[in-house]
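Mapping the sequence shown onto full-length UniProt numbering, position 72 (from 1) lands on 72, and the numbers just tick up by one.
For each residue, glycine too, the CB sits at the ideal point set by N, CA and C.
Reading through the structure tokens given below for one structure.
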Amino acid sequence: MIEILSPGQLAKARTSGALVADILRTLRGRAEAGTNLLDIDRWAKEMILDAGAQSCYVDYAPSFGRGPFGHYICTAVNDAVLHGRPSDHTLVDGDLLTLDLAVSQDGVAADAAISFVVGGAGDAESTALITATERALAAGIAAAGPGARVGDLSHAIGTVLHDAGYPINTEFGGHGIGSTMHQDPHVPNTGRPGRGYRLRPGLLLALEPWVMADTAALVIDADGWTLRSATGCRTAHTEHTIAITEVGAEILTLPFR
């Protein structure tokens with residue numbers, strides 16, 4: 001299903017998006033050496049419920065997972081990159097942590113992810129991975145607007161990641177979002193320009209470049225959810241939810257001002 005939001009729904013999406021961004025900003029500030037991933041999950045739960053919102057993850061049970069996700073945020077550390085299920089793991093300085101959060105408020109969802117190094121002083125590889133995903137996301141957003149095609153966004157994202165020297169996995173990528181978290185169209189992280197669905201005002205997209213340092217292959221943990229690099233290399237993942245407008249793209253997952 002491809003959903004086009006009304007102006008009223010778009011206003012609700014802005015609220016959901018800002019909430020997601022504020023929660024991620026708060027959690028980033030709290031994540032330090034000695035923090036347990038289950039504490040991050042608990043903090044996310046408290047902030048979501050205090051805002052009168054709903055988690056898109058806790059009851060999420062797609063075909064590729066193993067039962068309901070059962071947690072309120074994805075926490076991926078070092079070689080984990082997607083669907084990181086919070087566990088009894090304590091962070092140390094230098095860990096590369098990705099927080100991925102999707103929340104629904106007043107019936108409209110928003111989704112975003114950030115990657116950062118715990119303790120702030122990242123090694124060169126971690127810094128390069130994070131920077132590449134941030135630059136690729138910015139390129140994808142710049143390519144988005146009414147009349148653009150999905151392939152234009154994929155090509156813009158993929159060009160940055162390819163030029164940075166990273167292999168690209170196309171099993172998981174960006175997606176439509178609205179009354180539910182995952183919708184069509186799928187937005188791969190590489191592609192050919194001029195191909196695919198033509199974007200229309202009112203369409204919401206979650207764009208999410210993610211890379212692994214030296215492989216495009218994934219392996220899955222025994223928890224049935226957490227996806228890791230097949231070689232054990234480090235990974236990074238950055239995501240925003242955007243709305244296609246009459247004149248371009250509006251980033252919805254920015255903190256409240």
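- Excluding sequence positions up to five before and after I130, its CB lies within less than 6 Å of the CB of S115, A236, all in the same chain and listed in chain order.
- Fewer than three beta-carbon pairs drawn from the region 59 to 68 and the region 25 to 40 are found closer than 8 Å, and the two stretches are therefore not classed as touching.
- Annotated three-state conformation of P185 is strand, per DSSP.
- When the five nearest sequence neighbours on each side are left out, the beta carbons in the same chain lying within less than 8 Å of the beta carbon of A53 are those of S16, L19, V103, S104, Q105, in order along the chain.
- Across the structure, M1 and G65 are spaced so that their CA atoms are roughly 21 Å apart.
- Partner residues in the beta bridge of T98, as assigned by DSSP, are A76, S115.
- By the CB criterion at 8 Å, V211 and I168 fall inside the cutoff.
- Contact check for C74 against M181 fails: the beta carbons are separated by 8 Å or more.
- Two segments are said to touch when three or more pairs of C-beta atoms, one from each, lie closer than 8 Å; by this definition the region 77 to 89 touches the region 35 to 42.
- Using a Cβ distance threshold of 8 Å, L199 and P146 count as a contacting pair.
- Under the three-pair Cβ rule at 8 Å, the region 41 to 53 does not count as touching the region 186 to 204.
- Assignment of L38 by DSSP, reduced to helix, strand and coil, places it in the helix class.
- By the beta-carbon neighbour count (other beta carbons within 10 angstroms, threshold 16), T170 is exposed.
- G65 is bridged by DSSP to nothing; it lacks a bridge partner.
- DSSP places G17 in the helix class (H, G or I) of the three-state scheme.
- Per DSSP, reduced to three states, the secondary structure at T241 is strand.
- Excluding residues up to 5 positions away in sequence, A33 lie with their Cβ nearer than 6 Å to the Cβ of V92 in the same chain.
- Ranked by Cα distance from Q183, the first of G173, D95, L96 is G173.
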